[in-house]
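Here is the structure we will look at.
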Amino acid sequence: GENVEQHPSTLSVQEGDSAVIKCTYSDSASNYFPWYKQELGKRPQLIIDIRSNVGEKKDQRIAVTLNKTAKHFSLHITETQPEDSAVYFCAARGGNYGQNFVFGPGTRLSVLP
Amino acid sequence: DTGVSQDPRHKITKRGQNVTFRCDPISEHNRLYWYRQTLGQGPEFLTYFQNEAQLEKSRLLSDRFSAERPKGSFSTLEIQRTEQGDSAMYLCASSKTGTARTEQFFGPGTRLTVL
Numbered sequence: 004g005e006n007v008e009q010h011p012s013t014l015s016v017q018e019g020d021s022a023v024i025k026c027t028y029s030d031s032a033s034n035y036f037p038w039y040k041q042e043l044g045k046r047p048q049l050i051i052d053i054r055s056n057v058g059e060k061k062d063q064r065i066a067v068t069l070n071k072t073a074k075h076f077s078l079h080i081t082e083t084q085p086e087d088s089a090v091y092f093c094a095a096r097g098g099n100y101g102q103n104f105v106f107g108p109g110t111r112l113s114v115l116p
Numbered sequence: 043d044t045g046v047s048q049d050p051r052h053k054i055t056k057r058g059q060n061v062t063f064r065c066d067p068i069s070e071h072n073r074l075y076w077y078r079q080t081l082g083q084g085p086e087f088l089t090y091f092q093n094e095a096q097l098e099k100s101r102l103l104s105d106r107f108s109a110e111r112p113k114g115s116f117s118t119l120e121i122q123r124t125e126q127g128d129s130a131m132y133l134c135a136s137s138k139t140g141t142a143r144t145e146q147f148f149g150p151g152t153r154l155t156v157l
């Protein structure tokens, strides 16, 4: 089955700097890769996603890149703000029916003022 | 509130007791998922329904766990003879087929503590 690894597990950046989180996946059949943000005590919320037929997607300060050959994808946050502080999870869509998500272990991002 | 809702939000039980959680998905969503999340980890897939049919179950879902979605709307997750290792946040998510987006919308979760 699918396996997703995520690095780093914790990341501290100064406000205004960029943050990059990297994930790798194992199943070449996976075709959808969402990123979720989870603030303390709250539900995971989708911030950006990418399909396997696209190499890059951007939404304001957030971008995701995908390298299908290497089976890795990355989240890029520019001009970080304190409200970006949260745990970020990458995921790959897997499973026998290709509908459930396999999540990475998460990255705790701290944006220091 | 038209988002995914879960009840109860917190449940404390003694080892060996049975517990049942409920999830109400977004009304037009035909897919419903259950995940389990432990501290410091990402959500782990448990099971998935399309309408009332349970299409996939993780090997994490032991015989003590059972999930239903009898009318294709709300779902229940029951854990029998709870163990301390069952302590976790149980998350429900829903999505809709036939759309370009495959986003799963998560509920607030039910935090289970087994004493």
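Chains as they are written, first to last, in the working numbering: chain A, 4 to 116; chain B, 43 to 157.
A virtual CB, placed ideally from N, CA and C, is assigned to each residue, including glycine.
Any idea what DSSP makes of residue i, helix, strand or coil?
{"i": "E125(B)", "result": "coil"}
{"i": "P50(B)", "result": "coil"}
{"i": "D87(A)", "result": "helix"}
{"i": "K71(A)", "result": "coil"}
{"i": "K60(A)", "result": "strand"}
{"i": "T55(B)", "result": "strand"}
{"i": "H71(B)", "result": "coil"}
{"i": "K25(A)", "result": "strand"}
{"i": "A32(A)", "result": "coil"}
{"i": "N103(A)", "result": "strand"}
Would you kindly work out how many angstroms separate the C-alpha atoms of residue i and residue j, rounded to a whole number?
{"i": "L133(B)", "j": "F148(B)", "result": "7 Å"}
{"i": "P158(B)", "j": "L119(B)", "result": "A question about residue 158(B) goes unanswered here, because the residues of chain B that appear run from 43 up to 157."}
{"i": "K74(A)", "j": "T83(A)", "result": "26 Å"}
{"i": "Y77(B)", "j": "S31(A)", "result": "23 Å"}
{"i": "K168(A)", "j": "D105(B)", "result": "The structure shown has nothing for residue 168(A), since chain A only spans 4 to 116."}
{"i": "Q122(B)", "j": "V114(A)", "result": "42 Å"}
{"i": "S69(B)", "j": "S12(A)", "result": "36 Å"}
{"i": "E42(A)", "j": "A22(A)", "result": "17 Å"}
{"i": "Q79(B)", "j": "E18(A)", "result": "29 Å"}
{"i": "V61(B)", "j": "K71(A)", "result": "42 Å"}
Among all the DSSP beta bridges, which residues are the ones paired with residue i?
{"i": "I51(A)", "result": "W38(A)"}
{"i": "R46(A)", "result": "Answer is none; R46(A) lacks a bridge partner."}
To test your reading of the DSSP string, which unbroken beta strand (DSSP E) runs of 3 or more residues are found completely within the segment 77-123 of chain B?
Counting only runs of 3 or more, we get 86-92, 95-99, 107-110, 117-121.
What are the residues in the segment 136-155 of chain B lying within 7 Å of chain A by C-beta distance?
Taking 7 Å as the Cβ-Cβ cut-off against chain A, the residues of the segment 136-155 of chain B that qualify are T144, E145, Q146, F148, G149, P150, G151.
Output, in sequence order along the chain, the residues in the segment 45-66 of chain A whose CB is closer than 8 Å to any CB in chain B.
So the list reads K45, R46, P47, Q48, L49, D52, given in the order they occur along the chain.
Can you list, in chain order, the residues of the segment 73-86 of chain B whose Cβ is nearer than 9 Å to any Cβ on chain A?
Those residues of the segment 73-86 of chain B that come within reach of chain A (Cβ to Cβ, closer than 9 Å) are R73, Y75, Y77, Q79, G82, Q83, G84, P85, E86.
Could you please tell me which residues of the segment 86-112 of chain A, in chain order, have their CB closer than 8 Å to any CB of chain B?
Listed by position, the residues of the segment 86-112 of chain A near chain B (Cβ gap below 8 Å) are F92, A94, R96, G98, N99, Y100, Q102, N103, F104, V105, F106, G107, P108, G109.
Residues of the segment 93-106 of chain B in Cβ contact with chain A at a cutoff of 7 Å, in chain order, please.
Result list: L97, E98.
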